[in-house]
Amino acid sequence: MSGDIKGLQDKIGYTFKKGELLTRALSHSSFVNERQGSAGSNERLEFLGDSVLGFIAAEYYYKNFKHLPEGELTKLRAATVCEKSLASFAREIGLGSYLLLGKGESGTGGRERPSITADAFEALIAAIYLDGGIEEARKFVLRFVSNASKEINDFHDYKTSLQEIIQKNPEESVEYVLSGESGPDHDKRFDVEVHLNSNVIGRGSGRSKKIAEQQAAKEALELMGVKRTF
Numbered sequence: 215m216s217g218d219i220k221g222l223q224d225k226i227g228y229t230f231k232k233g234e235l236l237t238r239a240l241s242h243s244s245f246v247n248e249r250q251g252s253a254g255s256n257e258r259l260e261f262l263g264d265s266v267l268g269f270i271a272a273e274y275y276y277k278n279f280k281h282l283p284e285g286e287l288t289k290l291r292a293a294t295v296c297e298k299s300l301a302s303f304a305r306e307i308g309l310g311s312y313l314l315l316g317k318g319e320s321g322t323g324g325r326e327r328p329s330i331t332a333d334a335f336e337a338l339i340a341a342i343y344l345d346g347g348i349e350e351a352r353k354f355v356l357r358f359v360s361n362a363s364k365e366i367n368d369f370h371d372y373k374t375s376l377q378e379i380i381q382k383n384p385e386e387s388v389e390y391v392l393s394g395e396s397g398p399d400h401d402k403r404f405d406v407e408v409h410l411n412s413n414v415i416g417r418g419s420g421r422s423k424k425i426a427e428q429q430a431a432k433e434a435l436e437l438m439g440v441k442r443t444f
């Protein structure tokens, strides 16, 4: 493990009573396969963490987005608990540097691989839940879910508002066009233009195409002199 365990506990804001749970959460199967005496990988914890995360996220959206129907709540939760979001959460606390990986996995960039860091983040949630209960798990998860929801919710209305304006003129049509992308696979940036008929009326960028589209819609609304009132 290349990182200091105390440093990780400081970052997550929780100190484990059973240190073996944290060790298990950080143990990738490649590490376990190389060490016969190891206690086991984080795969079972990942399974449990996925359910704990899903419940906490669903509860949060249910309580805080009372104006949204079930379908929209489902989309919000899915956007928050997908691999890309979880890998982003893991990067925020530098989780990759604390992982126990096999030599081969470590040598081929495993500490930055989204699938590995996202799974470890879910395992960490389960470890906190088993060690400290649902309230400690909720406290940890909501640090990330609440921030992600603000970003998603803020962006949600830009495209909706622009579409509502354009629909008043049936002859007009809006199209979002990917104009470029950059960065490594684990940290992509996308550039998008929004076209009104054939004219560019807004540009945006973000870590996903959806976010870039919403930023482009925001710029288009500003160009039209429309200010958000929601």
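Here the sequence shown stands for residues 215 to 444, where the numbers follow our numbering.
Ideal Cβ placement from N, Cα and C applies to all residues, glycine included.
S243 versus R258 - alpha carbon distance: Going by the C-alpha atoms only, they are around 11 Å apart.
N361 (DSSP reduced to helix, strand or coil): Helix, per DSSP.
Can you give me the C-alpha to C-alpha distance between F369 and K424, rounded to a whole angstrom? Any reading at F369 must be qualified, since the residue scores a pLDDT of 49, below 50, and its modelled position is unreliable; the value itself is stated next. CA-to-CA, the gap between F369 and K424 works out to about 9 Å.
Roughly how many whole angstroms lie between the Cα atoms of V359 and L309? Their backbone Cα atoms lie some 17 Å apart in a straight line.
So is A292 buried or exposed if we call it buried at 16+ other beta carbons inside 10 Å? Answer is exposed; the Cβ neighbour count stays below 16.
Counting along the chain, where does the alpha helix (DSSP H) carrying L287 start and finish? Run containing L287: E284 to V295, per the alpha helix (DSSP H) assignment.
For A430, count neighbouring Cβ atoms within 10 angstroms of its own Cβ and tell me buried if that reaches 16, exposed if not. With 16 or more Cβ atoms within 10 Å of its Cβ, A430 is classed as buried.
What is the C-beta distance between D405 and G394, in whole angstroms, given that I count them as a contact (C-beta under 8 Å)? The Cβ separation is near 4 Å, so the contact holds.
DSSP state of I307 mapped onto helix, strand, coil: Coil.
Between A253 and V388, what straight-line distance do the alpha-carbon atoms span, to the nearest angstrom? It is roughly 56 Å from the alpha-carbon of A253 to the alpha-carbon of V388.
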